[in-house]
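For the sequence shown, the numbering used here assigns the number 2 to the initial residue and increments by one for each residue that follows.
The next block holds one structure in the form of structure tokens; read it before the comments.
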Amino acid sequence: MKFEVTILGNSSATPMFNRNPTSQVLNINEHLLMIDCGEGTQQQLLRYGIRYNKIHHIFISHLHGDHFFGLIGLISSMSLNGRKRDLKLFGPKKLMDIIHLQLQSSDTHLSFKIDFFPLDPENTGLILETRDYTVETIPLNHRIPCTGFIFREKKRQRKILKDRVDELQIPPEYFPLLKRGIDCTDSRGKVFKALDLTEESETPKSYAYCSDTMYDKAYISRLTDVNTLYHETTFMHDMIDRAKETHHTTAIEAAQIAKEINAEKLLIGHFSARYKDLSPLLLEAKTVFEDTFIAEQGETFTI
Ligand SMILES: [Zn+2]
């Protein structure tokens with residue numbers, strides 16, 4: 002199953018050095034989910050060839066402008082393109098008031114319905130469950146209410162061992178039961194054992210998105226079984242005082258979190274405009290957690 006994330010923006014606060022404010026698109030088995038939507042996000046979608054009418058879920062972490070100022074533009078373009086399908090939008094309670102005000106003031110009538118789900122920034126919760134995946138929220142520690150998201154693949158059915166079933170000429174009508182681990186018996190009493198004819202599917206993967214936040218044990222304890230962690234890294238560690246003051250994280254701290262939760266991969270982003278060259282941030286994080294990568298715009302990472 003496909004499970005990957007494409008980075009559209011990795012800048013904090015303002016667009017800088019060709020870096021756009023935060024946005025990402027997850028592809029889970031060809032379902033596209035957008036996380037945050039900073040200014041200029043729709044141009045990034047065009048640049049990287051992602052069709053916005055294929056996006057049916059958008060998650061907004063908090064109401065600082067660098068995380069949602071691109072949303073009204075994107076919604077409006079979707080409508081101009083005649084979108085019909087509902088858009089599921091998850092975000093802080095006030096987000097919908099802001100969108101309503103923008104639409105009303107410009108006398109804009111959307112061609113589609115926005116299905117809005119207000120987030121509870123104080124508590125964890127399961128906010129979406131589909132056949133393929135779930136989405137959980139985690140409260141982050143920022144200057145204003147801010148929510149992180151964990152996207153988890155669901156456990157798949159067992160896989161048929163093609164050679165075995167061909168060899169034993171097992172009729173395909175038994176496959177659905179065998180995949181569920183159920184033994185089958187044919188009309189002559191012959192038993193087909195699920196465990197002999199199928200194998201375990203791959204272990205499901207998960208992706209956590211943590212932006213913006215300062216280091217806080219409370220949310221870190223929720224990041225269990227996360228394979229790929231995206232964590233904001235606004236500053237280098239010599240700026241730890243500034244990071245604490247503004248409720249952000251340093252490269253060392255993000256790497257410590259990845260190490261603590263035993264992640265396989267750490268993506269860092271949300272860089273301060275003070276860093277033109279990002280390699281020192283990467284090198285700093287790597288001193289603690291080797292498998293760290295810069296969340297470069299346009300890059301796609303397999304979870
Ligand atoms: Zn923020």
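Yeah, the Cβ is synthetic: ideal placement off N, Cα and C, and Gly gets one too.
Residue from the options with nearest C-alpha to residue i
i, options, result
"Asp217", "Leu127, His143 and Phe4", "His143"
"Ser222", "Leu96, Ala264 and Leu198", "Ala264"
"Gln103", "Ile73, Leu88 and Leu129", "Ile73"
"Gln170", "Arg181, Asp187 and Glu154", "Asp187"
"Leu279", "Thr131, Phe176, Met17 and His58", "Met17"
"Cys38", "Asn30, His58 and His32", "His58"
"Lys180", "Asp167, Arg165, Gly190 and Arg157", "Arg157"
"Ile1", "His65, Arg48 and Asn19", "Since the displayed the chain opens at 2 and closes at 304, residue 1 lies outside it and no answer follows."
"Ile253", "Met240, His101 and Thr247", "Met240"
"Leu282", "Tyr53, His101 and His238", "His238"
"Phe150", "Lys160, Gln44, Thr138 and Ile128", "Thr138"
"Ala256", "Cys211, Lys160, Glu31 and Val166", "Cys211"
"Glu233", "Lys95, Val6, Asp164 and His249", "His249"
"Leu120", "Asp108, Met97 and Thr109", "Met97"
"Ala130", "Gln298, Asn19 and Ile29", "Inspection of the sequence shows that residue 130 is occupied by Glu rather than by Ala. Comparing Cα-Cα distances from Glu130 to each of Gln298, Asn19 and Ile29, the minimum goes to Ile29."
"Leu308", "Asp184, Ile100, Thr109 and Ser202", "Within the shown structure, residues of the chain are numbered from 2 to 304, placing residue 308 beyond reach of any answer."
"Ser207", "Asn82, Asp133, Lys114 and Ile99", "Asp133"
"Met2", "Glu31, Ile128 and Arg189", "Glu31"
"Gly182", "Lys194, Thr109 and Lys245", "Lys194"
Span of the beta strand (DSSP E) around residue i
i, result
"Arg275", "Unbroken run through Arg275: none, as it is neither H nor E."
"Leu9", "Phe4 to Gly10"
"Glu233", "Thr229 to Glu233"
"Glu168", "Careful: Glu168 lies outside any beta strand (DSSP E), inside the alpha helix (DSSP H) at Lys163 to Glu168."
"Ile151", "Thr148 to Glu154"
"Ile145", "Careful: Ile145 lies outside any beta strand (DSSP E) and carries neither H nor E."
"Phe236", "Here Phe236 belongs to no beta strand (DSSP E), and DSSP marks it neither H nor E."
"Thr225", "Thr225 -> no beta strand (DSSP E), and no H or E assigned at all."
"Thr303", "Thr301 to Thr303"
Same chain only: Cβ atoms within 7 Å of residue i, ignoring 5 sequence neighbours per side
i, result
"Ser273", "Ser13, Thr235 and Phe236"
"Cys147", "Ser62, His63, Pro122, Leu141, Asp213 and Thr214"
"Asp292", "Glu265, Lys266 and Leu267"
"Ala296", "Ile8, Asn11, Tyr231, Leu268, Ile269 and Gly270"
"Lys287", "Thr293"
"Gln43", "Tyr53, Gly71, Gly74, Leu75 and Ser78"
"Glu285", "Met237, His238, Ala252 and Ile253"
"Leu127", "Thr135 and Glu137"
Cut-off 6 Å between Cβ atoms - residues of its own chain near residue i, not counting five sequence neighbours on either side
i, result
"Ala259", "Leu230, Leu267 and Phe290"
"Glu300", "Ile8"
"Ser80", "Leu111 and Ser112"
"Met35", "Val26, Ile56 and Ile59"
"Leu33", "Val26, Lys55 and Ile56"
"Phe176", "Ile161"
"Leu46", "Tyr53"
"Phe69", "Cys38 and Ile61"
"Lys85", "Phe113"
Same chain, Cβ closer than 8 Å to residue i, five either side skipped, listed in chain order
i, result
"Thr15", "Pro22, Asp67 and Ala274"
"Ile262", "Ile221, Leu224, Thr225, Val227 and Leu230"
"Asp116", "Asp87, Leu88, Lys89 and Leu90"
"Leu198", "Ile161, Leu162, Arg165, Val166, Leu169, Ile171 and Leu179"
"Thr125", "Glu137, Thr138, Ile139, Pro140 and Arg223"
"Arg48", "Gly299"
"Pro205", "Arg153, Glu154, Lys155, Lys156 and Arg157"
"Glu5", "Leu27, Asn28, Thr301, Phe302, Thr303 and Ile304"
"Gly41", "Gly10, Pro16, Asn21, Pro22 and Gly71"
"Ser202", "Lys156, Arg157, Gln158, Arg159 and Lys160"
Residue range of the alpha helix (DSSP H) that includes residue i
i, result
"Phe176", "Phe176 to Lys180"
"Ile221", "Lys218 to Ile221"
For this session: Collect the residues with a C-beta less than 6 Å away from any heavy atom of ligand 2 and give them in sequence order along the chain.
Result: Ligand 2 is absent from the structure shown, which contains only ligand 1.
Problem set entry | Complete runs of the alpha helix (DSSP H) confined to the region 244 to 292 [at least 4 residues] | 252 to 261 and 280 to 287
Exercise. Where in the region 65 to 127 do unbroken runs of the beta strand (DSSP E), each at least 3 residues long, occur, reported from the N-terminal end onward?
Worked result: 88 to 92 and 115 to 119
Problem set entry | Any alpha helix (DSSP H) of 4 or more consecutive residues that is wholly inside the region 14 to 62 | 42 to 48
Problem set entry | Start-end ranges of the beta strand (DSSP E) lying completely within the region 185 to 215, minimum 3 residues | 207 to 211
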